[in-house]
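One structure is given here, and the rest of the page talks about it.
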Amino acid sequence: MISTLPKVRSLVLVTAISAVVLFVYSLCETTQFARERVISGYLKKEFSKNDSITRAIRDKSRTFYQVHVENAEDKKRVRRLGRVVADQGDSVLISAREKVALPEDAEKLETTISLPGKEFDPISQPPYSTVPSGLERASQGDGYYIVQFGMTATDELLDSLKATGVEILQYVPHQAFFVYGSGEAIARAATHSRVRWVGSFLPEYKISAAVDEQLNSARKSQVPARGITPLELTGRSRSVFDVSVFDRADLKDVASRISALGGNVRDEIELPENFFDIIRVEIDIASAESIAAIPDVIRIDSWSRPVAEDERAAQIVAGNYSSTTAISPPGYDPLTQFGVNGQNVTVAVVDDGVGIPGDGGFYVTASNAVNGPLRGATSGAQGHGHLQASIIAGDAPFSVLDPTGYNYGLGIAPKSNIVNIPFLRAGYTGTEATTANDAVITAGPNAVPGFISNNSWGNGTNGNVYDSYAAQFDGFVRDASTAASIDPLLMVFSAGNSGASGLTRPKVAKNLIAVASLENLRTELDSSANNIDDLSSFSSLGPASGGRIKPDIAAPGQAITGGRSGTDALFGNIDAAHRWSSGTSHASPQVAGAAALFTQFWKNGHAGANPSPALVKAALINGARDANGVGTAAAVPNGSEGWGRVYLKGMLNTGAAISYVNESSTLFGTGAFRDFSGTVADISRPVRVSLVWTDPPAVSDPALVNNLDLEVTVGGNTYKGNVLSGGLSATGGSADSINNVENVFLPAGLTGLITVRVKATAINGNGVLGNGDATDQHFALVVFNANVSLASSPNLSMNSPVVITGNSVIEPNECNSVNISLVNSGDVQATTVSAALTSTTPGVTIMPLINPYPNIGANGDTQISLAPFQISTAASVACLTNIDLTLTVIYSGVGSPQAFNFTLPVGTFADPMYGFSSSGGGSISATGSVVSGSAVDDALLNFTAPFNFSIYGTSVSAGSTMQLSTNGFVVAGTGASSSGSDNEALPSSNSATFPASVPILFPYWDDLDMRPSVTSSGGIFTEVTGSIGSRVLKVEWRARHFVTGQTVGSRDTNFAVYLHENSSQFEFVYAQTGAGANASGASATVGVQSATSGTLFTQFSSNTSSLSTGLQLSATQTPAACSAGAGPCFATAANVSVSGRALNSIGRGIGNAIVTISSPDGSHRSARTSSFGYFRFDDVEAGRSYVIEVSSKRYRFAPRVLEISENIDGLDFVAEN
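Residues 3 to 1219 (this note's numbering) make up the sequence shown, in order.
And the structure:
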């Protein structure tokens, strides 16, 4: 039991990642609603007026991107890419054109709303359910709606939404929520300046494609699509459905309404700590869809009767094998090998019954098993469930051995206890919720209530999509009981025996452990059970919908032996007390037994307290090993074995350092993070980091409610969770946004500091029950081969250096002052701060040697050094190169010292990107010659270049051919095959009709018409002016916008591009910029691109009214610049000596250690200490700062940074260990 806090049926308040969506379906309020609604009924002033951000988030041509930033300069660059919608500290959310050139780590933020029966973007595909913004009064009654924000939903935004009078119910993907409110409240919410969209929750949104397929197939007496189980008919054209109902509703009232539709209500299931309850109803399939019209209904899912799905296997689970075809000799003993055997752990077996005792009177007896509430079923077993109990807890005081000496019925955790929950047994009247409750309230003979539930059954397949059935079980893992206490339950399920047809329900649930089946080594029973790495052919395959990783893990499930009880012989009876069978049913209890062993391990070290289900899951996955056989050849993770085969040697008594976090740290909102820091323990072992959190139940796919991200920094590299290649983590990639399991797996060979960061990318729901906060999430963490702890310490980062002297550019033979600011994002002030700036670049000298900083406050305080650093460059430092620099920061506290490597340019590098500067007063001369054939509609014309010029470094030679389009663009070469009447954002391939690598200028790309019957005196006109060497080419368009059926009239679109001889510079000038709906370039693209893909393009505008009469856009590239300065900062100083000792912690000298002194220019010398630990360096140049380091195979020393101006004697280094 975690707590005895009063249990409150929660209204699940959700914090959105970027948008909040609220559902409301029209309904007159009656007394059916059991909770009192408190309506504030106002819109906070700061959100009451539309502004530029409002317009950006409601612009269908824009896309949301989350861009990582490290400093203020990064933020400035991001602002050039699009409208900043929200600044979240280490990242910025922008609204930008989809093809804008973004950093590699920029991640697109989804704005589609994903409901059970429909997925749509409400701005680009506005449905008829849309509630117009700006309503002054209610246009609909009370009901359920959807409200979508255009940014990450913070507590502030959610509070402001609640203030309008709506009740926030549940997060909906993406960036969305269910809400309930009056028509007046919804009207206020629609005017909220940060709300992207509001719409009604319609009946057609409530039935998924899988259920729709089942209904249609049943009506036509057809077989549904592969992966979807047919409806189970209970009579002529009748079937059973689970109807999800909002938790706020009166369940009996809704049940009455369903009965009025001809439904036979079988169960009213109140779910603990969930946003919905269940009405299980039998109804004619022709009437099932009519249930969706009841406003309180969230979704409708089919239901069918759940069906069921030795020591050798134990040795495989333990990891006791020499190859995939050879296991260790008999003698599995988990207490001797791992220090645990399942004692004081109770596992519920939810199945078709457990014989107490089993046939023969051993393995499972009254000493280790007990019946839970039978609820109408008889005691005893059919056979299937008893085998699972034997696999988990078979205790073998009377060993019956196979011909080679292995025990048939020895369990994985032989001293654990069993609770029999006969869910699949005839006569059982309970529900799934009942089984979960009974599991945690029933104690075994050990007097310990259940904590683990084994479930070797399934409820059909549905294409691996997340539904209300999965959501129920996600809730049971969080809290399984109906009591006031919060009682988590670790639920282990078989993946299913449906092979390629997919996982059986509810195996796609996020929080349970779904187990795939691998082969056992028992060819005497099954000739194909010959390789422990091979996947059983029947094992259900994932992944879950959207690519979410399922199953989670694998274990032996084929040719499994165990105790016998009941009349069902399964695959065969071995003797009077034993039988065998194959199926994922028997893989699941292998993992449940492994979980029992870990649970005992944890309880032994934590005063008998259970671990969280998330921690057990993280430990199992962290210790798993990748199978590599038939059906499992793909590297983990994959849809066959998940994260690999369970491997007890990787999680218990490993001999390695393992750090655990058991939901002891909570993230209270989007953007929060926790850092855990320490050191790698053993260079010869791999580093494996596993993050798991118990996520709140979801409405539909994608099922993630609270999105946490794992980042591990070690060896100078940062690795994101689940970015793997060949089963090992790789740098780069995008953060995982669909799984609530994230891993970083690194090979052996790493040393030094390691930082593990868990970051709340989006907190949309109640991830911690019983604390009164509705938007939070805790987590479990397992770090193998490292000692890490929560970093309650400073966490410093470096902002971009600023040159504050001269032209703000470092050049040769020059003295510059540079400010470097430090930011502390930790939760403790950094004190006694100093920094040494060093360089490995020859000819670069830096003073002062050590520069002090003020104390740097916690939580984002920024400080610069008390005096600037002086960087002196010799004349030998080459222009247009980079200076390599390292800032080593020393401060009081954990984590010191920190080193930051960076470069500074020598001179100004050329920038190939064009920049547009705008000015007014531009005009176009009336002179020029018409290009033959240009007075037409949609033509692409060849034109001879009159002189040399270049665009993006691509040279256009005099006499070469260019292409001019009547639709307002110039190809600086040839290869275009279309005049491109339909403009689009840059870079553009124009449906592959543009040449891939030829620059194109777009002064006004639009659908233009220059036919004489439409535009009088229309066409493309050219003119060359100026003298040779400095000539200018004007290309001018005189046109009108294409409109079907329009008659002749004067031009309304007149613009020109000016190209300069022997130059890359050009101008766009505008005399007329369109009319009507096309005015000011509203339907045009303006810019320049180097190629049809990549980042080398500049777009001034696209489909925005950004042009005006007289506007001149001058396009230039920044040239390279560098010149020598007036002289360096420092003169050469005299030489001195430095000497001292290397000592252990009790003051004895350490011989044969290596001492290295490194100078700012990158040169270094090393000396080996004498047998008494002495060292000495002569001819050390004074007046400089040095880094002095001591290394030893046995001892660790902290490096020191010293400013050396005279002889130093007695410089002693004392080992840290």
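Beta carbons are placed, not taken as given, at the ideal position from N, Cα and C, and that holds for glycine.
Measure the beta-carbon distance from residue i to residue j and round it to whole angstroms, keeping in mind my assumption that it falls under 8 Å.
i: Val-879; j: Val-846; result: 7 Å
i: Ser-567; j: His-386; result: So it is not a contact: roughly 10 Å between Cβ atoms.
i: Val-820; j: Leu-798; result: Contact flag wrong, Cβ pair sits at about 18 Å.
i: Gly-729; j: Ala-637; result: 4 Å
i: Thr-763; j: Asn-709; result: 4 Å
i: Cys-1131; j: Met-849; result: 7 Å
i: Leu-492; j: Ile-454; result: 5 Å
i: Ile-1152; j: Ala-1217; result: 7 Å
i: Ile-1; j: Val-349; result: This structure gives no information on residue 1, because the portion of the chain shown stretches from 3 to 1219.
i: Val-811; j: Gly-909; result: 6 Å
So what's residue i in DSSP terms, helix, strand or just coil?
i: Leu-943; result: strand
i: Tyr-182; result: strand
i: Gly-607; result: helix
i: Thr-601; result: helix
i: His-588; result: helix
i: Arg-139; result: Below a pLDDT of 50, predicted positions are generally treated as unreliable, and Arg-139, at 47, falls in that range; the measurement from the model is reported next regardless. Coil, per DSSP.
i: Tyr-408; result: coil
i: Asp-214; result: helix
i: His-194; result: coil
i: Pro-854; result: strand
i: Ile-1114; result: In the sequence as displayed, the identity of residue 1114 is Gln instead of Ile. DSSP places Gln-1114 in strand when its eight states are reduced to three.
i: Lys-164; result: helix
i: Glu-521; result: strand
i: Val-938; result: coil
i: Leu-650; result: helix
i: Phe-1179; result: strand
With a Cβ-Cβ cutoff of 7 Å, do residue i and residue j count as a contact?
i: Gln-602; j: Gln-345; result: yes
i: Ser-702; j: Ser-116; result: yes
i: Ser-496; j: Ser-642; result: no
i: Asp-353; j: Gln-390; result: yes
i: Asn-461; j: Arg-427; result: no
i: Ala-295; j: Pro-359; result: no
i: Val-94; j: Val-71; result: yes
i: Ala-557; j: Val-517; result: yes
i: Lys-1; j: Tyr-1006; result: Residue 1 is absent from the model: the chain starts at 3 and stops at 1219.
i: Asn-1220; j: Thr-807; result: Nothing can be reported for residue 1220: it is not among the residues displayed for the chain, which extend from 3 to 1219.
i: Ile-534; j: Ala-626; result: no
i: Tyr-893; j: Ser-1092; result: no
i: Trp-199; j: Pro-308; result: no
i: Tyr-323; j: Ala-379; result: no
i: Met-800; j: Phe-871; result: no
i: Ile-660; j: Phe-475; result: no
Tell me residue i's beta-bridge partners as DSSP assigns them.
i: Cys-817; result: Ser-874
i: Ser-686; result: DSSP lists no partner for Ser-686.
i: Lys-110; result: Tyr-67
i: Asp-269; result: Arg-282
i: His-1062; result: Val-1034
i: Ile-1156; result: Arg-1170 and Ser-1193
i: Val-694; result: Val-743 and Ala-782
For the 8 Å Cβ check, are there 3 or more pairs between the region 524-541 and the region 330-338? With the rule of 3 Cβ pairs closer than 8 Å, the region 524-541 does not count as touching the region 330-338.
Does the region 1099-1116 come within contact of the region 1066-1074, defined as at least 3 CB pairs closer than 8 Å? The answer is yes - the region 1066-1074 touches the region 1099-1116, with three or more Cβ pairs under 8 Å.
Are three or more beta carbon pairs between the region 674-690 and the region 754-765 nearer than 8 Å? Judged by Cβ distances under 8 Å, the region 674-690 makes contact with the region 754-765, as three or more pairs qualify.
Counting Cβ pairs closer than 8 Å, one from the region 882-891 and one from the region 1090-1110, do we hit at least three? Too few Cβ pairs lie closer than 8 Å, so no.
Could you check whether the region 192-199 touches the region 277-289, counting it as contact only if at least three pairs of C-beta atoms, one from each stretch, sit closer than 8 Å? Contact between the region 192-199 and the region 277-289 is absent, because fewer than three Cβ pairs lie under 8 Å.
Is the region 547-555 touching the region 768-784 in the sense that three or more CB pairs, one from each, lie closer than 8 Å? Below 8 Å, too few C-beta pairs join the region 768-784 and the region 547-555 to call them touching: fewer than three.
If contact is defined by three or more beta carbon pairs under 8 Å, each pair taking one atom from either stretch, is the region 937-944 in contact with the region 956-973? Between the region 956-973 and the region 937-944 there are three or more inter-stretch CB-CB distances shorter than 8 Å, so the stretches are counted as touching.
Segment contact flag, the region 477-485 with the region 271-280, C-beta cutoff 8 Å, min 3 pairs: With a cut-off of 8 Å, the region 271-280 and the region 477-485 count as touching, because enough Cβ pairs lie within range.
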